[in-house]
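Position 92 (the sequence shown) corresponds to 92 in my numbering; numbering is contiguous. Encoded as structure tokens, the structure appears first; notes follow it.
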Amino acid sequence: MDYPKIERAVRDILEAIGEDPDREGLIDTPARVARMYGEVFAGLHMDVRDSIRVFHEKDHDEMIMVGDIPFYSMCEHHLLPFVGRAHVVYIPQDGRILGLSKIARIVDVMSRKPQLQERLTSQIADTLIKAVQPLGVAVVVEAEHLCMTMRGIRKPGSLTVTSAL
């Protein structure tokens, strides 16, 4: 990630909206935003496969669900956050299962990049399918989009729900 370039861009934005980037309250803002982008967009520089470890449990062939996984991401259209929960279900095949924390890690890696909720939902499902070749997968993601809360239609509290089956 090019932190100096991000800092220059934030400084330019502050100037473009009529702010003084050298005033006391804003002097460190470009560096803060650059560091924040390093965290928020960390998924761009991560390989989700590094987060996955498959176990073999021959005696379990019933549904496994990890629900209410909190996440945040950034809408790629407005660079505003969307925040919500993911619910991930799969049915193992031939004893291939993931550690439960690995499912949450998949959600984290896929959400930490400029994203669309619809794509995020599909990417979580596709990653799980590639990892364990389950008999079935269901992913439901529900989120509030600040681009709908803060601008345009201005409907705080509304949730968007997407699924991949």
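Glycine residues also receive a C-beta, built at the ideal position from the N, C-alpha and C atoms.
Near residue i, what residues of its chain come up, given a Cβ to Cβ distance below 8 Å and the 5 sequence neighbours on each side ignored?
{"i": "Phe41", "result": "Met1, Met74, Arg112, Lys113 and Pro114"}
{"i": "Lys130", "result": "none"}
{"i": "Met46", "result": "Val109 and Arg112"}
{"i": "Leu14", "result": "Asp20, Pro21, Leu26, Thr29 and Pro30"}
{"i": "Val132", "result": "Val54, Tyr90, Pro92, Gln93, Arg96, Ile97 and Leu98"}
Got a sec? Which residues, its chain only, sit under 6 Å from residue i by beta carbon, not counting five neighbours each side?
{"i": "Lys58", "result": "Gly95"}
{"i": "Gly136", "result": "Ile91"}
{"i": "Met65", "result": "Val89"}
Residue i and residue j look like a contact to me (Cβ under 8 Å); what is the Cβ gap, rounded to whole Å?
{"i": "Ser122", "j": "Glu144", "result": "Wrong, their Cβ atoms sit about 20 Å apart, outside the cutoff."}
{"i": "Phe55", "j": "Ile97", "result": "5 Å"}
Looking only at C-alpha atoms, which of the options sits nearest to residue i?
{"i": "Thr149", "options": "Glu15, His78, Ala125 and Val107", "result": "His78"}
{"i": "Ser101", "options": "Thr127, Gly84, Asp61 and Arg53", "result": "Arg53"}
{"i": "Ala138", "options": "Phe71, Pro156, Asp50 and Gly67", "result": "Gly67"}
{"i": "Lys5", "options": "Val89, Val83, Gly38 and Arg49", "result": "Gly38"}
{"i": "Ile106", "options": "Thr127, Arg154 and Arg151", "result": "Thr127"}
{"i": "His60", "options": "Gln93, Leu44, Leu116 and Arg154", "result": "Gln93"}
{"i": "His87", "options": "Leu80, Ile124, Pro156 and Arg119", "result": "Ile124"}
{"i": "Leu80", "options": "Gly152, Val161 and Ser51", "result": "Gly152"}
{"i": "Val161", "options": "Arg154, Gly43 and Arg119", "result": "Arg119"}
task: Could you say if the segment 25-40 and the segment 4-15 meet the contact criterion of at least three C-beta pairs nearer than 8 Å?
output: Counting C-beta pairs closer than 8 Å gives three or more between the segment 25-40 and the segment 4-15, which meets the contact rule.
- prompt: Going along the chain, which unbroken runs of the alpha helix (DSSP H) with 4 or more residues stay wholly within the segment 105-134?
  reply: With a minimum length of 4 residues, the continuous alpha helix (DSSP H) runs that stay inside the segment 105-134 are 117-132.
field: beta strand (DSSP E) runs contained entirely in the segment 10-66, provided each spans 3 or more residues
entry: Whole beta strand (DSSP E) segments, 3+ residues: 54-56.
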